[in-house]
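Below is one structure, written out as C-alpha cells, with a few remarks after it.
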Amino acid sequence: MPMSAPVPSPGEYVITESFIETYVVPRYGAVAGDPNYDPSFDINKDGIIDTFETSWFANNLGKIFVYPDHLKETAINWNVILIGLSALGLFALFLWLASKK
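Each residue of the sequence shown is one higher than the one before, starting from 1 at the first, in our numbering.
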C-alpha cells in the first residue's frame, strides 16, 4: 500500500530536488479522487499527476512554487460570487427602472 504524500504548509517554496522527492514523487500516478492527488501539483489540470508534472518541476529547479492557502481560495471564490450577484441585482434594477418609462 503506497504511503500518503506529505502536504506542504501554504506558502512559497523554492523548487529543489529535495522538494520534488518529498512532495511530487509520492504523488506520481495519483488521479483525481485518490488520497495522494492534490490539484495544486497537477500543473496541466488533466486529473493525473504523471510524467508531465515531474518533468515540469525538474525543469523549474530554483524557481518559486506557491502552495495555496485553500481557505483564501474559498474566500476569493465567495467574493466572486457576491460580486456576480451584485451585478445581477443592478442589472435587474436597471431593467425594472427602464420598464417604468
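By construction, the Cβ of each residue, glycine as well, lies at the ideal position given by its N, Cα and C atoms.
For I48, the three-state secondary structure derived from DSSP is strand.
Here P35 has S4 as same chain residues with Cβ atoms under 7 Å from its own Cβ, once five neighbours each way along the sequence are excluded. A Cβ-Cβ separation of about 6 Å places I20 in contact with A58 under the 8 Å criterion. Beta-bridge annotation (DSSP): V14 is paired with I64.
A distance of 9 Å or more separates the beta carbons of P6 and Y67. Around the Cβ of I64, a 10 Å sphere holds fewer than 16 other Cβ atoms; the residue is exposed.
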